[in-house]
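Novice: If you use our numbering, the sequence shown corresponds to residues 283 to 533, in order. From the three backbone atoms N, C-alpha and C, an ideal C-beta is built for every residue, glycine too. Given the structure is predicted, the values throughout are model-derived calculations rather than measurements.
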Amino acid sequence: MFRPPARLRFAFCLATAVSWLLPFQDLVAAPAFEDSTAQRALACTGCHGREGRAASDGYYPRIAGKPDGYLYNQLLNFRDGRRNYALMTHLLEHLSDDYLRELAGYFSGLDLPYPAPQPAAVDNATLARGKALVLNGDATRGIPACAQCHGEALTGVAPAVPGLLGLPRDYLNSQFGAWQIGQRKALEPDCMAQVARQLRPDDIAALTGWLAAQPVPTPSKAANSLPAPMPLPCGGMPSGDGRASGGGAAR
């Protein structure tokens, strides 16, 4: 008696089993999938930490709670080549303006506590110099105070200027360096690039040492406006009213 090869017998049995199961396929529900901005934003948290709270390595900044205009501008800057980081560019290069605006709004709306600040990594004299630059600037060298643009509480100004507190010193140092060498750019006139090029290495060490050692106040949300106009024209920001509406005078 003829017996077909084993592989043919297996194929026949498999086909028979599938035919028996076909009538029941509609009874098996597809796995649930949450089609939401929060679900899609998980792609960002692999680097920026859980809920965008920042990664522990000191180089991926917190994005949770930052002004939505600032986050949106930075997403555009990465996508359009004004900021250079291959991983971000690859992630964003095919995403639309509306999609990026949706992501920015999601992370901006997260109101999460900040961790305690880093211990001061510089001596007291350097801390004092950093505080003076942040709060008063250096008029003799044309360096405005950080607080003139980033708010008296240094928590940023809505909708597009970020806060400077709650960021690791390593990240702040890397961003000042990126501004100075042109690796990071913003819409013209690029006011942060102008300021960064005025700073010496010891200025940057003092600024970042003091900023990273400060606690984030409560509430930590950005201010609604500045008490006075910004000291420099910044790309995408209207002059004269102290509010930011776009552009990139920010870290």
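Indicate the three-state DSSP secondary structure (helix, strand or coil) for G334 in the structure shown.
Specialist: As a working mapping, residue 334 is identified with position 52 in the sequence shown. It is helical.
Novice: So, is Y367 buried or exposed, given that buried needs 16 or more other C-beta atoms within 10 angstroms?
Specialist: In the sequence shown, the residue the question calls residue 367 occupies position 85. Its Cβ having fewer than 16 others within 10 Å, Y367 is exposed.
Novice: So, at 6 Å on beta carbons, what are the nonlocal neighbours of A346 in its own chain, with the 5 sequence-adjacent residues on each side left out?
Specialist: For the purposes of this step, residue 346 is identified with residue 64 of the sequence shown, where counting begins at 1. Residues of the same chain with a CB within less than 6 Å of the CB of A346, apart from the 5 flanking positions on each side, are E333, G334, R335, F389, L392 and L394 in chain order.
Novice: Answer with buried or exposed for T490, where buried requires no fewer than 16 other C-beta atoms within 10 angstroms of its C-beta.
Specialist: Start at 1 with the first residue of the sequence shown, and residue 490 comes out as number 208. Buried, by the Cβ-count rule.
Novice: Taking 8 Å as the limit between beta carbons, can you name the residues of its chain near E384, skipping five residues before and five after?
Specialist: Translated into positions along the sequence shown, residue 384 becomes position 102. Hits under 8 Å: T319.
Novice: So what does DSSP say about G517, is it helix, strand or coil?
Specialist: Locating residue 517 in the sequence shown gives position 235, counting from the first residue. In this structure, G517 counts as coil in the three-state DSSP scheme.
Novice: Rounded to a whole number of angstroms, what is the C-alpha to C-alpha distance between R365 and D484?
Specialist: The residue given as residue 365 occupies position 83 in the sequence shown. The residue given as residue 484 occupies position 202 in the sequence shown. Between R365 and D484, the alpha-carbon positions lie close to 25 Å from each other.
Novice: Measure the C-alpha to C-alpha separation of F360 and K503 and round it to an integer number of angstroms.
Specialist: Taking the first residue of the sequence shown as 1, we reach residue 360 at position 78. Taking the first residue of the sequence shown as 1, we reach residue 503 at position 221. F360 and K503: Cα-Cα distance of roughly 24 Å.
Novice: Is S507 near Y341, with beta carbons less than 9 Å apart?
Specialist: By 1-based counting over the sequence shown, the position of residue 507 is 225. By 1-based counting over the sequence shown, the position of residue 341 is 59. Not a contact, by the Cβ cut-off of 9 Å.
Novice: Starting from P483, trace the alpha helix (DSSP H) in both directions and tell me its first and last residue.
Specialist: Position 201 of the sequence shown, counting from 1, holds the residue named residue 483. For P483, the enclosing alpha helix (DSSP H) covers residues P483 to A494.
Novice: Measuring only the C-alpha atoms, how far is D539 from A488?
Specialist: Nothing in the structure corresponds to residue 539, since the chain is present only between 283 and 533.
Novice: Alpha carbon to alpha carbon, what distance is there between D317 and P426?
Specialist: Within the sequence shown, the letter at position 144 stands for residue 426. Within the sequence shown, the letter at position 35 stands for residue 317. Looking at the two C-alpha atoms, the distance is approximately 45 Å.
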